[in-house]
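What follows is a short report on a single structure.
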Amino acid sequence: MNISNSEIVDTIKAIESIAPDGYGRMSIPCETDEELYQKIEFALQSESRADFLLNQNGVDSLLKFTERMASQCLREPDFEHCSHAAEAVELILSQPCYDEKMLSVALALIHDAYNRLSKPRPAFDWKHIPKFHEAWNDFCTRFELDQSIAESHFRIGTEHDGLRYICYW
0 MNISNSEIVD TIKAIESIAP DGYGRMSIPC ETDEELYQKI EFALQSESRA DFLLNQNGVD
60 SLLKFTERMA SQCLREPDFE HCSHAAEAVE LILSQPCYDE KMLSVALALI HDAYNRLSKP
120 RPAFDWKHIP KFHEAWNDFC TRFELDQSIA ESHFRIGTEH DGLRYICYW
């Protein structure tokens, strides 16, 4: 899909600013989740995802979104939530540089939530998220070899609105 430069700039600004302070602790789901997902979907439709260069606020919003989607999957076991989280990670992987530790935590969250789904589990749309596919395969290979994710820092807790992953990014 051809996207104009002004649409790219508007989408970047929205991703970088859409999540208010405290977004990670807001009730799940919330309107911000839907708004952010719309921007993620739009960015992933671009022919050049590399055009969507985000600042740290934008990357942090995507990481919090991933945490929230994994948490929503804990509450409502539905593959769609894992898929949305994977799409956010795809956008992170499209950045020229990102924190490998943060990526490991995001992948661990998705892995944990995905493995809580009933079998048979749906497959991710690998054609739509090729960078995530590569990262997922690498992560799963390391996970299978090791059976522990020492570099991943999260736990499951209960808050007023239900179960939630609590990350130590």
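Mapping of the sequence shown onto numbering that gives the first Met the number 0: residues 0 to 168, in sequence order. From the three backbone atoms N, C-alpha and C, an ideal C-beta is built for every residue, glycine too. Please read these numbers as outputs of a predicted model, since none were measured by experiment.
Does DSSP classify residue i as helix, strand or coil?
{"i": "Ile128", "result": "coil"}
{"i": "Arg120", "result": "coil"}
{"i": "Glu40", "result": "helix"}
{"i": "Ser3", "result": "coil"}
{"i": "Trp135", "result": "helix"}
{"i": "Glu150", "result": "Since pLDDT at Glu150 reaches only 49, below the 50 mark, its modelled position is unreliable, and the value read off the structure follows with that caveat. Of the three classes helix, strand and coil, the one that applies to Glu150 here is coil, per DSSP."}
{"i": "Gln94", "result": "coil"}
{"i": "Trp168", "result": "coil"}
{"i": "Glu46", "result": "coil"}
{"i": "Ala18", "result": "coil"}
CB residue i to CB residue j, shorter than 9 Å?
{"i": "Ala18", "j": "Leu43", "result": "no"}
{"i": "Val104", "j": "Leu61", "result": "no"}
{"i": "Leu92", "j": "Phe123", "result": "no"}
{"i": "His152", "j": "Trp168", "result": "yes"}
{"i": "Cys72", "j": "Tyr113", "result": "yes"}
{"i": "Phe138", "j": "His159", "result": "no"}
{"i": "Ile27", "j": "Ala85", "result": "no"}
Between which residues of its own chain and residue i is the CB-CB distance below 6 Å, once the five residues before and five after are set aside?
{"i": "Ile2", "result": "Ser45"}
{"i": "Gly23", "result": "Lys63"}
Bridge partners of residue i, per DSSP?
{"i": "Thr157", "result": "Leu162"}
Suppose the cutoff is 7 Å on Cβ atoms and the five residues either side in sequence are ignored; what does the same chain contact list for residue i look like?
{"i": "Val58", "result": "Ile91, Gln94 and Tyr97"}
{"i": "Lys76", "result": "Residue 76 is actually Pro in this sequence, not Lys. Correct list, in chain order: Arg115, Leu116 and Ser117."}
{"i": "Arg141", "result": "none"}
{"i": "Ile165", "result": "Phe153, Arg154 and Gly156"}
Just to check my reading of the structure: residue i and residue j have Cβ atoms closer than 8 Å, yes? What is that Cβ distance to the nearest angstrom?
{"i": "Arg163", "j": "Ser70", "result": "4 Å"}
{"i": "Ile14", "j": "Leu53", "result": "6 Å"}
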